Amino acid sequence: MSYHNPYTPPRKSATFDDYTLAEIRRAAATGIYDIRGAGTKRKVPHFDDLLFLGASISRYPLEGYREKCDTTVVLGSRFAKKPITLKTPITIAGMSFGALSGNAKEALGRGATIAGTSTTTGDGGMTDEERGHSQTLVYQYLPSRYGMNPKDLRRADAIEVVVGQGAKPGGGGMLLGQKISDRVANMRNLPKGIDQRSACRHPDWTGPDDLEIKIMELREITDWEKPIYVKVGGARPYYDTALAVKAGADVVVLDGMQGGTAATQDVFIENVGMPTLACIRPAVQALQDLGMHRKVQLIVSGGIRSGADVAKALALGADAVAIGTAALVAIGDNDPHWEAEYQKLGTTAGAYDDWHEGKDPAGITTQDPELSKRLDPVAAGRRLANYLKVMTLEAQTIARACGKNHLHNLEPEDLVALTIEASAMAQVPLAGTNWIPGKTGF
Numbered sequence: 032m033s034y035h036n037p038y039t040p041p042r043k044s045a046t047f048d049d050y051t052l053a054e055i056r057r058a059a060a061t062g063i064y065d066i067r068g069a070g071t072k073r074k075v076p077h078f079d080d081l082l083f084l085g086a087s088i089s090r091y092p093l094e095g096y097r098e099k100c101d102t103t104v105v106l107g108s109r110f111a112k113k114p115i116t117l118k119t120p121i122t123i124a125g126m127s128f129g130a131l132s133g134n135a136k137e138a139l140g141r142g143a144t145i146a147g148t149s150t151t152t153g154d155g156g157m158t159d160e161e162r163g164h165s166q167t168l169v170y171q172y173l174p175s176r177y178g179m180n181p182k183d184l185r186r187a188d189a190i191e192v193v194v195g196q197g198a199k200p201g202g203g204g205m206l207l208g209q210k211i212s213d214r215v216a217n218m219r220n221l222p223k224g225i226d227q228r229s230a231c232r233h234p235d236w237t238g239p240d241d242l243e244i245k246i247m248e249l250r251e252i253t254d255w256e257k258p259i260y261v262k263v264g265g266a267r268p269y270y271d272t273a274l275a276v277k278a279g280a281d282v283v284v285l286d287g288m289q290g291g292t293a294a295t296q297d298v299f300i301e302n303v304g305m306p307t308l309a310c311i312r313p314a315v316q317a318l319q320d321l322g323m324h325r326k327v328q329l330i331v332s333g334g335i336r337s338g339a340d341v342a343k344a345l346a347l348g349a350d351a352v353a354i355g356t357a358a359l360v361a362i363g364d365n366d367p368h369w370e371a372e373y374q375k376l377g378t379t380a381g382a383y384d385d386w387h388e389g390k391d392p393a394g395i396t397t398q399d400p401e402l403s404k405r406l407d408p409v410a411a412g413r414r415l416a417n418y419l420k421v422m423t424l425e426a427q428t429i430a431r432a433c434g435k436n437h438l439h440n441l442e443p444e445d446l447v448a449l450t451i452e453a454s455a456m457a458q459v460p461l462a463g464t465n466w467i468p469g470k471t472g473f
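Note that the working numbering has the sequence shown beginning at 32, numbered continuously upward.
Pasting the structure below:
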């Protein structure tokens, strides 16, 4: 005979929690996997698990805003005739016209220009509006080759060869038919309204030797003027960085698993790749082993949200960062102003991630002309510029507190970790100790 203890409430499984049960039922009912946008939603060690050691007696801080703390960064000085100089080390990551509306792309260009930094095209090619409103524009060269042409390669200020992305290293992107408008279809040479999936690898190379040949082709097309970036997802950062450098990259872009995407499988987003925090130090080590640290620049992306995150990434050895999701939030993504409409879509502001459906109430991740009109690119550009300004000021404030007159002078010695996991990943001591797991004894 069974007995129920009236004093013990029913207990749910930690393994089979409510979300997991709902996903099993959804899969059983539909027979298809879940597709969504944005990045990983699981909690992983991140920059919040690190703290700075401000100056006191043993270090000399800089005084407020009266002593200079430089934020400029030069990208592409290795081989390019025309390297890029930015006022802030915070850049805008690649997000395509197709995934985003034309107004959103214009807003990103406007905001980046006001802030003195760069923005990036994304898959699908370059629009005239984006080029016209972006003082510094990076052109992504992806496996799909959608929208790629020599004219736009020459119109760009830098070229980013995308090998992988943090949300889906080893996988291609998706753009569902409801977002393939006449203009998107024309730019990508695709049929209107038909789902498309980008290739997961470039069609004309199978390894680093072929990548070297491709980089040389791009340099010849652009008369060696443009910096060549190579972007990789956070999977094997030491070897991928080393091989990109040996193939001739001017800049390596490293995207951790907190990086977002317009649309891919949820199982991919949550289970492939490594946290951004775990990727930086191996990549920096590869650059140092090759004698190329600060000669080949490292841009880190994936979950950058604040000036503190920027300062921590730079302290760990990056030269700059890129933001995507945060930039979309700054221009109006997931804004509570549209809560009633998010509710109609079965979600809520802050959780909306069905970007592939093209129904975004904020007019950002859509090709619906009526929804797109809701986003004023001029006002949204100003909001992005304000956000970039605040992030830069926050990073400067931290650097001054650590006694540094340039953000690039921040170093691992300025950091401690709050958890054993973060200590091991960032390779900085656990707070209150000299211990780095796997590196030092107790």
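We put the CB at the ideal spot given by N, CA and C, even for glycine. None of these values were measured; they are calculated from a predicted model.
Cβ pair T167, K118 closer than 8 Å:
Residue numbering aside, residue 167 sits at position 136 when the sequence shown is read from its first letter. Residue numbering aside, residue 118 sits at position 87 when the sequence shown is read from its first letter. T167 places its beta carbon 8 Å or farther from that of K118.
If I measure Cβ to Cβ from M205 and keep anything under 8 Å in the same chain, skipping five residues before and after, which residues do I get?
Stepping through the sequence shown from its first residue, residue 205 is reached at position 174. So the qualifying residues of the chain are I66, D226, Q227, R228, S229, A293, A294, T295 and H387.
Is the Cβ-Cβ distance between G155 and V192 less than 8 Å?
One-based indexing of the sequence shown puts residue 155 at position 124. One-based indexing of the sequence shown puts residue 192 at position 161. Result no, Cβ atoms of G155 and V192 do not sit closer than 8 Å.
Could you tell me which of D286, R176, E248 and Y269 sits nearest to P234, measuring between CA atoms?
Stepping through the sequence shown from its first residue, residue 234 is reached at position 203. Selected option, being the one with the closest Cα: R176.
Straight-line CA distance for L207 to T396?
Along the sequence shown, one-based indexing puts residue 207 at 176. Along the sequence shown, one-based indexing puts residue 396 at 365. Roughly 12 Å between the two C-alpha positions.
Taking 8 Å as the cut-off, decide whether the C-beta atoms of G201 and V303 are in contact.
For this step, residue 201 is matched to residue 170 along the sequence shown. For this step, residue 303 is matched to residue 272 along the sequence shown. Yes, these two residues count as a Cβ contact at 8 Å.
For Q374, count the other beta carbons within 10 Å of its own beta carbon; 16 or more makes it buried, fewer makes it exposed. Which is it?
Counted from its first residue, the sequence shown places residue 374 at position 343. Exposed: under 16 other Cβ atoms inside 10 Å.
Which stretch, first to last residue, makes up the alpha helix (DSSP H) that contains F15?
Past the edges of the chain, shown from 32 to 473, lies residue 15, and the structure says nothing about it.
So V75 is in the alpha helix (DSSP H); what residue range does that whole segment cover?
Taking the first residue of the sequence shown as 1, we reach residue 75 at position 44. Here V75 belongs to no alpha helix (DSSP H), and DSSP marks it neither H nor E.
Following the continuous beta strand (DSSP E) through D286, name the residue where it begins and the one where it ends.
The residue you call residue 286 lines up with position 255 of the sequence shown. Here the beta strand (DSSP E) through D286 covers V282 to D286.
Shortest alpha-carbon distance to Q171 belongs to which of R219, F110 and Y260?
Within the sequence shown, the letter at position 140 stands for residue 171. Nearest C-alpha to Q171 among R219, F110 and Y260: Y260.
Segment limits, beta strand (DSSP E) that includes E191
Numbered from its first residue, the sequence shown carries residue 191 at position 160. E191 -> beta strand (DSSP E) spans A189 to V193.
Alpha carbon of M456 to alpha carbon of A462, nearest angstrom
If you number the sequence shown from 1, residue 456 lands on position 425. If you number the sequence shown from 1, residue 462 lands on position 431. Distance between M456 and A462, taken at the CA atoms: about 14 Å.
If the criterion is Cβ atoms closer than 8 Å, does the pair P174 and R250 meet it?
For this step, residue 174 is matched to residue 143 along the sequence shown. For this step, residue 250 is matched to residue 219 along the sequence shown. P174 is not a Cβ neighbour of R250, given a cutoff of 8 Å.
According to the Cβ coordinates, are I123 and A358 closer than 8 Å?
Residue mapping note: residue 123 aligns to position 92 of the sequence shown, counting from 1. Residue mapping note: residue 358 aligns to position 327 of the sequence shown, counting from 1. By the CB criterion at 8 Å, I123 and A358 fall inside the cutoff.
If you draw a straight line from the C-alpha of G203 to the C-alpha of S454, how long is it?
Your numbering for residue 203 matches position 172 in the sequence shown. Your numbering for residue 454 matches position 423 in the sequence shown. Approximately 32 Å between the Cα atoms of the pair.
Say whether the stretch 85-93 touches the stretch 322-329, bearing in mind that this needs 3 or more beta-carbon pairs closer than 8 Å, one atom from each stretch.
In short, these stretches do not touch, since the Cβ pair count stays below three.
Quick one: give me the first and last residue of the beta strand (DSSP E) that Y172 is part of.
Stepping through the sequence shown from its first residue, residue 172 is reached at position 141. L168 to Y172 is the extent of the beta strand (DSSP E) around Y172.
List the DSSP bridge partners of D101.
Your numbering for residue 101 matches position 70 in the sequence shown. D101 has H437 as its beta-bridge partners, per DSSP.
Reduced DSSP category for H164 - H, G, I as helix; E, B as strand; rest coil
Counted from its first residue, the sequence shown places residue 164 at position 133. It is helical.
Check for me: the beta strand (DSSP E) holding K262 runs from which residue to which?
Locating residue 262 in the sequence shown gives position 231, where the first residue counts as 1. K262 -> beta strand (DSSP E) spans I259 to G264.
Are the beta-carbon atoms of D399 and G412 separated by less than 8 Å?
Position 368 of the sequence shown holds residue 399. Position 381 of the sequence shown holds residue 412. The Cβ atoms of D399 and G412 do not sit closer than 8 Å to each other.
Could you give the residue range of the beta strand (DSSP E) that holds A135?
If you number the sequence shown from 1, residue 135 lands on position 104. No beta strand (DSSP E) holds A135; the alpha helix (DSSP H) holding it covers G133 to A146.
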